[in-house]
Each structure stands twice: as C-alpha cells, then as structure tokens.
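Trainee: Structure in structure tokens, see below.
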Amino acid sequence: GAGVSQSPSNKVTEKGKDVELRCDPISGHTALYWYRQRLGQGLEFLIYFQGNSAPDKSGLPSDRFSAERTGESVSTLTIQRTQQEDSAVYLCASSFLAPASGSTDTQYFGPGTRLTVL
Amino acid sequence: KQEVTQIPAALSVPEGENLVLNCSFTDSAIYNLQWFRQDPGKGLTSLLLIQSSQREQTSGRLNASLDKSSGRSTLYIAASQPGDSATYLCAVKSQHDYKLSFGAGTTVTVRA
C-alpha cells in the first residue's frame with residue numbers, strides 16, 4: 065500500500081476489557097515495530113518483528129500485552145484486561161531491511177491508534 | 004539505557020523567524036539520529052537522518068547537525084512558516100540494537 069495504516073484510529077474502552085489494535089505495514093517491508101506514546105512523553109518501544117518472529121519482547125509493559133504478525137504482513141497488538149495507564153497512542157512502523165548494524169533502513173510510521181481506557 | 008532530551012518543550016515564533024530545536028542524548032554509541040515531524044492525528048514523518056559518521060544533513064529549509072562526542076544534535080528551520088507548526092521529535096538508533104530512543108518532542112507554533 066501507499067503507507068502504514070492502523071485501525072481503529074480511536075478506541076474508547078472500559079477498564080478490564082480486552083482490545084485489539086491492527087497494523088498494516090507497507091507491502092514488502094520485512095520489519096515491523098510497535099511503539100506507545102503517552103501524553104506529553106516520548107515514544108516507548110514495545111516490540112519488533114522480523115518477518116513473523118519477535119526476537120525481542122522485552123519492551124512489552126506486562127503480560128497483559130501480546131502481539132503477533134502473520135504472513136509477514138498484518139500485525140495485531142492485544143491488550144487484555146485494560147487499565148487506565150494503558151491509555152496512549154499506539155504507533156506502528158515498518159521498514160524494508162532488517163535493522164542490524166550496517167543497515168540504513170528508515171522506519172515509516174502509521175497514524176496511530178488513540179486508546180482511551182475509562 | 005539511552006536517554007534523549009529535547010529542549011525547549013514548546014516554542015512559539017512569528018512567521019519568518021528561524022527555528023532552533025535542540026536534542027541531547029546520553030550514550031554516544033549511536034548508529035544514526037533522525038528528526039521526525041508529528042502532526043495531530045497523523046503519523047510521524049521522517050525529516051532528516053544523520054549517520055554517526057556525518058556532521059550534518061540538509062533538506063530545503065531544514066538543516067540538522069550532529070556532534071556525537073558531546074551527544075547533541077540541532078535542527079534548524081529557516082524562515083519559518085505557519086505550516087511548520089507541529090511537534091518535532093528526535094530519535095537515536097543505538098549501535099547495539101535496533102531500537103529507536105525518542106525524545107519527548109518540541110511543539111512548535113509559527114504565528115502568521
């Protein structure tokens with residue numbers, strides 16, 4: 065596609081509910097990243113996929129957070145039993161090359177999903 | 004852990020003035036540094052990427068400098084326009100992993 069897309073653009077949920085956030089990366093991009101941005105703060109790395117595998121899940125805030133990627137394309141970030149501190153904008157990015165040293169890949173970001181937990 | 008700081012947090016200038024945005028980082032072992040623009044309701048747009056071996060990059064009215072040894076980068080925007088109003092984010096890519104570490108951003112308002 066023309067760019068990274070995310071859905072929904074906005075999600076309001078009640079505390080304790082589960083939510084799913086979707087990311088469609090740029091076609092052909094091998095790497096996919098999830099970040100979180102709380103109000104007034106910088107972006108916080110959550111997880112990275114190379115193909116369908118997530119080599120590093122250490123950025124996930126708790127075991128309520130999980131993510132998967134299928135077909136080396138779409139990724140879903142799931143938050144179970146949402147808490148008010150989960151309220152943030154969740155951003156997805158993709159890049160063409162594996163982000164190893166020596167790579168000059170640029171990450172292209174989607175518009176984000178604004179999650180509000182009441 | 005890499006810490007990225009951006010000063011000032013907000014900036015308001017009249018149209019035509021030059022903008023100077025500062026970014027500092029604690030670990031100089033970086034692979035590259037990027038400046039992004041973020042507009043409300045939209046994703047991040049990459050403005051300039053400076054490799055660790057470079058001192059500066061220029062694109063149109065934008066110029067970014069990098070002093071890796073002192074852990075600093077500066078984004079200059081010449082002859083600002085109302086359309087430059089946005090939040091500008093600095094992000095550092097470590098030599099050791101693939102993560103981007105972001106600053107909290109500088110929110111710029113250019114008054115017509």
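Those protein sequence lines, which keep their order, are chains U and Z.
Here the first sequence stands for residues 65 to 182, where the numbers follow our numbering.
Here the second sequence stands for residues 4 to 115, where the numbers follow our numbering.
Beta carbons are placed, not taken as given, at the ideal position from N, Cα and C, and that holds for glycine.
Using only alpha-carbon positions, find the residue among Thr8(Z), Gly19(Z), Thr77(Z), Leu24(Z) that is nearest to Gly86(Z).
Mentor: Sequence index remark: in the second sequence, residue 86(Z) carries index 83 (1-based). Nearest C-alpha to Gly86(Z): Gly19(Z).
Trainee: Counting only Cβ pairs nearer than 8 Å, list the residues of chain Z close to Pro175(U).
Mentor: For this step, residue 175(U) is matched to residue 111 along the first sequence. Those are Gly44, Lys45, Gly46, listed as they occur along chain Z.
Trainee: How would you write the range of the beta strand (DSSP E) that Glu108(U) sits in, first residue to last?
Mentor: To locate residue 108(U), count along the first sequence from 1; it is residue 44. Residues 107-114.
Trainee: Please report whether the beta-carbon of Ala107(Z) lies at a distance below 9 Å from any beta-carbon of chain U.
Mentor: Translated into the one-based positions of the second sequence, residue 107(Z) becomes position 104. Output row for Ala107(Z): interface = yes.
Trainee: What are the boundary residues of the beta strand (DSSP E) that Asn21(Z) is part of?
Mentor: One-based indexing of the second sequence puts residue 21(Z) at position 18. First-last for Asn21(Z): undefined, no H or E at that position.
Trainee: In three-state terms, what does DSSP make of Pro11(Z)?
Mentor: For the purposes of this step, residue 11(Z) is taken as residue 8 along the second sequence, with counting starting at 1. In the structure shown, Pro11(Z) sits in coil (DSSP, three-state: anything other than H, G, I, E or B).
Trainee: Mapping DSSP to helix, strand and coil, what is Gly166(U)?
Mentor: Counting from one through the first sequence, the residue named residue 166(U) turns up at place 102. Confidence in Gly166(U) is poor, its pLDDT being 48 and thus under 50, which makes the residue's placement too unreliable to answer from.
Trainee: Using DSSP with H/G/I as helix, E/B as strand and the rest coil, what is Asp70(Z)?
Mentor: For the purposes of this step, residue 70(Z) is taken as residue 67 along the second sequence, with counting starting at 1. Strand, per DSSP.
Trainee: By a C-beta neighbour count over all protein chains shown, 10 Å radius and 16 as the cutoff for buried, is Thr177(U) buried or exposed?
Mentor: Along the first sequence, one-based indexing puts residue 177(U) at 113. Buried: at least 16 other Cβ atoms inside 10 Å.
Trainee: Give a yes or no on whether the minimum CB-CB distance between Tyr154(U) and chain Z is below 9 Å.
Mentor: Reading the first sequence from its first residue, position 90 is the one you call residue 154(U). It does not; no Cβ of chain Z falls within 9 Å.
Trainee: Any idea which residues DSSP pairs Leu117(Z) with across the strands?
Mentor: Residue 117(Z) lies beyond the stretch modelled for chain Z, which goes from 4 to 115, so this question has no answer here.
Trainee: For Thr142(U), is the classification buried or exposed, using 16 other Cβ atoms within 10 angstroms of its Cβ as the cut-off for buried?
Mentor: Here residue 142(U) refers to the residue found at position 78 of the first sequence. By the 10 Å Cβ count, Thr142(U) comes out exposed.
Trainee: Does DSSP put Gln54(Z) in a helix, in a strand, or in coil?
Mentor: Within the second sequence, the letter at position 51 stands for residue 54(Z). Looking at Gln54(Z) - three-state DSSP - the assignment turns out to be strand.
Trainee: Using a Cβ cut-off of 9 Å (strictly closer), state whether Lys4(Z) contacts chain U.
Mentor: The residue given as residue 4(Z) occupies position 1 in the second sequence. Answer no: the Cβ-Cβ gap between Lys4(Z) and chain U never drops below 9 Å.
Trainee: Less than 9 Å separating the beta-carbons of Asn35(Z) and Leu52(Z)?
Mentor: Position 32 of the second sequence holds residue 35(Z). Position 49 of the second sequence holds residue 52(Z). Yes; because the gap between Cβ atoms is below 9 Å, this pair is in contact.
Trainee: Excluding five sequence neighbours on each side, which residues of the same chain lie with their C-beta closer than 8 Å to the C-beta of Thr112(Z)?
Mentor: Counting from one through the second sequence, the residue named residue 112(Z) turns up at place 109. Excluding sequence neighbours, Thr112(Z) sits near Ala13, Leu14, Ser15, Val16, Ser88.
Trainee: So, Leu124(U) versus Leu155(U), is the Cβ gap smaller than 9 Å?
Mentor: Taking the first residue of the first sequence as position 1, residue 124(U) is located at position 60. Taking the first residue of the first sequence as position 1, residue 155(U) is located at position 91. For Leu124(U) and Leu155(U), no; Cβs fall outside 9 Å.
Trainee: So, helix, strand or coil for Gln148(U), using DSSP?
Mentor: Taking the first residue of the first sequence as position 1, residue 148(U) is located at position 84. The answer is helix: DSSP assigns Gln148(U) an H, G or I state.
Trainee: Which stretch, first to last residue, makes up the beta strand (DSSP E) that contains Thr140(U)?
Mentor: Here the question's residue 140(U) lines up with position 76 in the first sequence. Note, Thr140(U): beta strand (DSSP E), 139-143.
Trainee: Going by C-alpha distance, which of Gly44(Z), Leu69(Z), Gly74(Z), Gln60(Z) is nearest Leu50(Z)?
Mentor: Mapped onto the second sequence, residue 50(Z) falls at position 47. The shortest Cα separation from Leu50(Z) among Gly44(Z), Leu69(Z), Gly74(Z), Gln60(Z) belongs to Gln60(Z).
Trainee: Could you check which residue in Arg145(U), Tyr97(U), Ser139(U), Pro72(U) has the C-alpha nearest to that of Asp120(U)?
Mentor: To locate residue 120(U), count along the first sequence from 1; it is residue 56. Residue Tyr97(U) is the option with its Cα nearest to Asp120(U).
Trainee: Quick one: does Gln84(Z) have its CB under 9 Å from some CB of chain U?
Mentor: Translated into positions along the second sequence, residue 84(Z) becomes position 81. Not closer than 9 Å to any Cβ of chain U, the Cβ of Gln84(Z) fails to qualify, so no.
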